[in-house]
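> The opening residue of the sequence shown carries number 18 in my numbering; numbering runs sequentially from there.
Virtual Cβ for every residue (Gly too), placed ideally from N, Cα, C.
The model shown is predicted, which means the values in this text are computed figures rather than measured ones.
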Amino acid sequence: MPQNEYIELHRKRYGYGLNYHEEKRKKEGQKAHECSKKTKKLTGLKAKLYHKQRHAEKIQTKKTIKMYEKRSTKQKTDGKNPQGAMPACLRARKGLSRAKELSSMIKRK
């Protein structure tokens, strides 16, 4: 057995603590506040490096959101349909398809 895997072994045998998931959720919620405090405190070169890192994260998040929004918009499909096979009122609706909605977790980030 590899060394230093005693925590994983304990979790495998006994599972997580009773309040593990609640504490994890609370930490995740507090993360934005901690980042804000850290941003205000940092000065000089560390501040520049930290800002660069945060900026890259924000750009990545925006790209992900944009990708999901593009996927969730209505898009025409190339459905070849004979003209007489369908009524005119339904022909306009036939080619539209709806993709998956953006999950709320990504929007919250």
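What is the rounded straight-line gap between the Cα of LYS57 and the Cα of LYS41?
25 Å
> Between which two residues does the alpha helix (DSSP H) containing THR56 stretch?
37-58
> So the alpha helix (DSSP H) GLY61 belongs to, where does it begin and stop?
61-89
> For the alpha helix (DSSP H) holding TYR23, just list the boundary residues, first then last.
23-31
> Would you tell me roughly how many angstroms separate the C-alpha atoms of HIS38 and ARG30, rounded to the nearest one?
18 Å
> To the nearest angstrom, how far is the alpha carbon of HIS68 from that of MET84?
24 Å
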